[in-house]
Amino acid sequence: MRYDSITEAIGNTPLVRIDPAVHGLRHIDLYAKLELLNPFGSVKDRAAWNMARPHLAAAADQGGQVVELSSGNTAKALAVLAGMHGLTFKSVTNRMRIPEIKDLLLLLGAEIEELPGQSECLDPTATDDPLTLFHRSLSEPDSTYLHTDQYFNSRNTEAHFTGTGPEIVKDLEGRAPDWFIACVGTAGSSTGVARALREHDPAVRVAGLVAAKSDFIPGIRTIDEAHEVGLFDPATYDTIETVSADEAIEGMLTLNRRCGILAGPTGGAAYFGAIRQLQAADAQLTERQSAVFIVCDRVESYLSYVRRRRPELFGRPMRRNSPADVSDAETRTAPAIGIADAQAWIGTGEPLVVDLRSPYAYAALHIDGSVNIVDELFEELLHGGLPFSHNRPVLLACPVGEKSARYAALLTRMGHPDVRSLTGGIIAWRDAGAPLVRD
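Under the numbering used here, think of the first position of the sequence shown as 175, with each following residue one higher.
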C-alpha cells in the first residue's frame, strides 16, 4: 500500500473481533475499532486533519500559527500537521497532566501555554476565566491564529460521520452493529459515529461513557464537563454511564494482555464499560447481535499515569492511604460544608483552607488565605500519613467538590477529627458571589 503523504494513511483502521473467551458474552460479537493505528497514534488524527485541512495553505501564506485548547491527542496530531505545512503549533491548556504527552509535544516543536483557569477544563460560562477569554479571542476577525476549536467545530463530528462510522458498517458487511459504546471527550467521535450508524439503522443503541466525577481518566470528561462541550448532545446516547480510573486500567490490562491490543486507559474504559453494558442484554438474547467500541490510543503515553495508580504492576509496593481506595459510598457521605457556612467558618480563622487545583487555576482566583497543594502532590503527602495536625480543622476545595469530597473521606478514615469538603467547589463559591482574590 503506497501513499504520497502520511495524511492519506489517516482512517481505514481495522475492526478486530474480541475473543469470546476473553469477554464471556454468549450472544454478542464484540469488535474493537483500532483508532490507535492511525499514523499519529489516536482517534484524534481524523478530527485534527478534517478541521485543519481547509485552512492550512492560507495559514502558511499568512505566517499564522495553529492553536488548539488541548493537552492530549488533538494537540499531538495538530503539532505534526502544522510542522508538515511549515507552521508552528501552540497548545493552550489549564494543565498538562500527562508528562509523556507534554514531552512529545515539545519534541514535535509545539509551544505550550498553560493559562490560569478556575476549573480543570474550558468553562464557557466563566466569562472572566483567562482560559475562556483566550478561547474567545481566537475567533476574533483580526486573529492570525488558525484555531481548530475542537470543542465546538462541526468538522470534528463530520470526520467520524463520513469516516469512522461508514468504515464500521463496511467492515460488518453492510450492517450497522446493534450496539455502539464510546467514551465522551469532545463528543466528536461518539456523536459522528452514532449519527452514521443510525442513518444506516435507526435501532442502533448508543452508550456514552464518562469519567466518575472524582476521577481523572485521560481523554474522558465527567458528565459535568461534557455539558460544557458544544458538540455534546445528551440525546445522542440511549444511556450515559460512568467509569472509574481503576475500571479503565483493568479494561486496559485485559486488552493489553489477553487481546494483544496495546490500548491506553481510554480504550480500557471503553472495553470495561462495554462489557458491563452488554452483560445484562446478553443474558436476555436468543439471537446473535454485534457491538463495537473504539480503542482511542496507545498505552505507551500513559505509563506514568498507570504507575501512580497501580505501582504493583511495575514491581513496586502498593501505596498506603490512596484516594483510589475510597468507595463512592464513603465519598458521598464525606464531611462537607456549604458556601455560606464555609464563609462563616473561615471568618473564625479556624480552618486551614487547602485548594487542590492546579497552580494556574489557583493563581487566577482563590479563597483569600488558602494554600495551594495540587491534588497529585496532596496524594503523595497522604501516602506518608496525616499531613496536618489533629488540632487544626481543614477545609478542602477543588473545582466542583467531587475530588475534595474523596480526600475528605480519606482523611476522616485516617483519623483527622475535623476535615470538610467545600460543597460545589470553587465554581459554586464563585457562582454564589463569595469573594475570591487573584495572584
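Glycine included, each C-beta is placed from N, C-alpha and C at the ideal position. Predicted, not measured: the structure shown is a model, and the values here were computed from it.
If I'm right that residue i touches residue j with Cβ under 8 Å, what's the distance once you round it to whole angstroms?
i, j, result
"S418", "E274", "About 22 Å; that fails the 8 Å criterion."
"L320", "V241", "7 Å"
"S563", "L530", "Actually they do not touch by this definition, with Cβ atoms about 19 Å apart."
"E424", "F390", "Not a contact, Cβ separation roughly 16 Å."
"A516", "D613", "About 21 Å; that fails the 8 Å criterion."
"E576", "S388", "4 Å"
Going by the beta-carbon positions, is the gap between residue i and residue j smaller than 8 Å?
i, j, result
"R269", "Y534", "yes"
"A627", "I192", "Residue 627 lies beyond the residue range present for the chain, which begins at 175 and ends at 613; the question has no answer from this structure."
"V500", "R580", "yes"
"A233", "A253", "no"
"L204", "Q239", "no"
"H374", "A350", "yes"
"A444", "A356", "yes"
"G359", "G393", "yes"
"N330", "A221", "yes"
"V568", "P525", "yes"
"V574", "G607", "no"
"R604", "L560", "no"
"V266", "C470", "no"
"L129", "D352", "An answer regarding residue 129 cannot be provided, because it is not within the stretch 175 to 613 covered by the chain."
"H557", "N495", "yes"
"L279", "K250", "yes"
"G348", "V367", "no"
"Q236", "T318", "yes"
"A602", "I541", "no"
"E288", "K264", "no"
"G442", "A455", "no"
"V196", "R432", "yes"
"R369", "F326", "no"
Hey, out of the options, whose CA is closest to residue i's CA?
i, options, result
"V593", "K250, P392, A583, A422", "A583"
"T365", "D407, D375, V403, R379", "D407"
"L230", "A256, D605, G362", "A256"
"R450", "M175, E182, A195, L199", "L199"
"S532", "V568, C572, M175, E524", "C572"
"A457", "H201, D178, V190", "H201"
"G404", "Y536, S328, I513, V611", "S328"
"P497", "Q517, D420, I541, R395", "D420"
"I468", "F263, R431, V380", "V380"
"V473", "F354, E402, T428", "T428"
"F214", "V611, R482, R484, M258", "M258"
"V378", "T522, N430, I342", "I342"
"E554", "R482, G246, T586", "R482"
"T440", "K276, E182, I180, N247", "N247"
"T410", "L487, D398, P376, M426", "P376"
"R566", "R587, S475, G523", "G523"
Kindly indicate the opening and closing residues of the alpha helix (DSSP H) around residue i.
i, result
"D542", "Careful: D542 lies outside any alpha helix (DSSP H) and carries neither H nor E."
"V197", "It should be pointed out that residue 197 corresponds to His in this sequence rather than to Val. Its alpha helix (DSSP H) spans residues 194-197."
"G382", "G382 -> not in any alpha helix (DSSP H); beta strand (DSSP E) instead, spanning 379-385."
"V343", "339-345"
"E550", "549-557"
"V367", "362-374"
"R506", "502-506"
"A583", "576-587"
What residue does the beta strand (DSSP E) around residue i start on, and which one ends it?
i, result
"F467", "463-469"
"Q451", "No beta strand (DSSP E) contains Q451, which is instead part of the alpha helix (DSSP H) from 439-456."
"F263", "262-267"
"S595", "593-596"
"F354", "353-357"
"H321", "319-321"
"E415", "413-417"
"Q324", "It is not in any beta strand (DSSP E) - Q324 carries neither H nor E in the DSSP assignment."
"L189", "189-191"
"E287", "285-288"
"A571", "568-571"
"Y177", "Premise fails: Y177 is in no beta strand (DSSP E) and is neither H nor E."
"A206", "202-208"
>> Does the contact criterion of 3 or more C-beta pairs under 8 Å hold for the segment 433-449 versus the segment 203-220?
In response: yes
> Would you call the segment 383-395 and the segment 411-431 touching, i.e. three or more CB-CB distances under 8 Å?
Replying inline: yes
>> Using a Cβ distance threshold of 8 Å, determine whether the segment 502-517 contacts the segment 586-600, with at least three qualifying pairs required.
In response: yes
> Hey, is the segment 322-330 in contact with the segment 217-236, meaning 3+ C-beta pairs nearer than 8 Å?
Replying inline: yes
> When the Cβ atoms of the segment 542-559 are set against those of the segment 457-474, are three or more pairs found closer than 8 Å?
Replying inline: no
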